[in-house]
Amino acid sequence: MSWRVSNDTQALGARVDMTRTSSGSRKSGPPAYSNSYAYKQTHVSTEAKALLATPISSVCPPCRGVLEWRKRFNKYKTLTVPKKCVRCGGRTIKEPYHVACGQCVRKEACCAKCLTARTVWQQALANADQPVVDSEEDAEN
Ligand SMILES: [Zn+2]
Ligand SMILES: [Zn+2]
């Protein structure tokens, strides 16, 4: 019994036409497929780059946006001394612009900056229609 593997993959000569004629509206702005976050080369210091690399997960998306904006424009001032937490009253906040410490944030599941409950902004995220990125997936047969 001869078991032969038919090399069908090479038969897929037809390429996906990627250069679609753009019949849509021609805009002078950024390309439609670009995300709202334009992580392009702006003049950021290495320090700011490191800050940008660190994820901010303890704050809600709006606050996160504010903080990332501050980081990007070098307006992000790090704390020299721990700040007082509005929840537990301890000087435990090491994160700038935060009003509650990490422990309280975790305990209460809220934003460390505006104290909005996590469930609120997660629901808001779920409700918000996420813009569908026009990404053509490879049709792998
Ligand atoms: Zn606290
Ligand atoms: Zn917030």
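Residue numbers (our numbering): 555 to 695. For every residue, glycine included, the Cβ atom is placed at its ideal position computed from N, Cα and C. Given the structure is predicted, the values throughout are model-derived calculations rather than measurements.
Original post:
For the putative contact between residue 654 and residue 669, defined by C-beta atoms under 8 angstroms, what is the C-beta separation to the nearest angstrom?
Top reply: As a working mapping, residue 654 is identified with position 100 in the sequence shown. As a working mapping, residue 669 is identified with position 115 in the sequence shown. So it is a contact: roughly 6 angstroms between Cβ atoms.
Original post:
Of all the options 665, 661, 642 and 643, which has the alpha carbon lying nearest to the alpha carbon of residue 652?
Top reply: For the purposes of this step, residue 652 is taken as residue 98 along the sequence shown, with counting starting at 1. Closest by alpha carbon: 665.
Original post:
Can we count residue 618 as close to ligand 1, meaning its CB is less than 6 angstroms from some heavy atom?
Top reply: Position 64 of the sequence shown, counted from the start, is the residue given in the question as residue 618. Outside the cutoff, so no.
**OP:** For residue 648, name the three-state secondary structure that DSSP assigns.
**Re:** Residue numbering aside, residue 648 sits at position 94 when the sequence shown is read from its first letter. Coil, per DSSP.
Original post:
What did DSSP end up calling residue 680 once you bin it into helix, strand or coil?
Top reply: Working through the sequence shown from its first residue, we reach residue 680 at position 126. Looking at residue 680 - three-state DSSP - the assignment turns out to be helix.
Subject >> 8 angstroms contact criterion, which residue 656 and residue 612 should meet: CB distance rounded >> reply: Taking the sequence shown and counting its residues from 1, one reaches residue 656 at position 102. Taking the sequence shown and counting its residues from 1, one reaches residue 612 at position 58. Sure, about 6 angstroms apart at Cβ, within 8 angstroms.
**OP:** Taking only the alpha-carbon atoms, compute the straight-line gap between residue 635 and residue 649 and give it to the nearest angstrom.
**Re:** Along the sequence shown, read from residue 1 onward, the residue named residue 635 stands at position 81. Along the sequence shown, read from residue 1 onward, the residue named residue 649 stands at position 95. In a straight line, the C-alpha of residue 635 is about 10 angstroms away from that of residue 649.
**OP:** Compute the minimum distance between the beta carbon of residue 645 and the heavy atoms of ligand 1, and state whether it is under 6 angstroms.
**Re:** Locating residue 645 in the sequence shown gives position 91, counting from the first residue. Flag unset: Cβ of residue 645 not near ligand 1.
**OP:** Report yes if the C-beta of residue 642 is less than 6 angstroms from at least one heavy atom of ligand 1; otherwise report no.
**Re:** The sequence position of residue 642 within the sequence shown is 88, counting from 1. Checking the Cβ of residue 642 against ligand 1 gives yes.
Original post:
Which residues bound the alpha helix (DSSP H) around residue 659?
Top reply: For the purposes of this step, residue 659 is taken as the residue at position 105 of the sequence shown. It spans 656 to 662 - the alpha helix (DSSP H) in which residue 659 sits, taken as one unbroken run.
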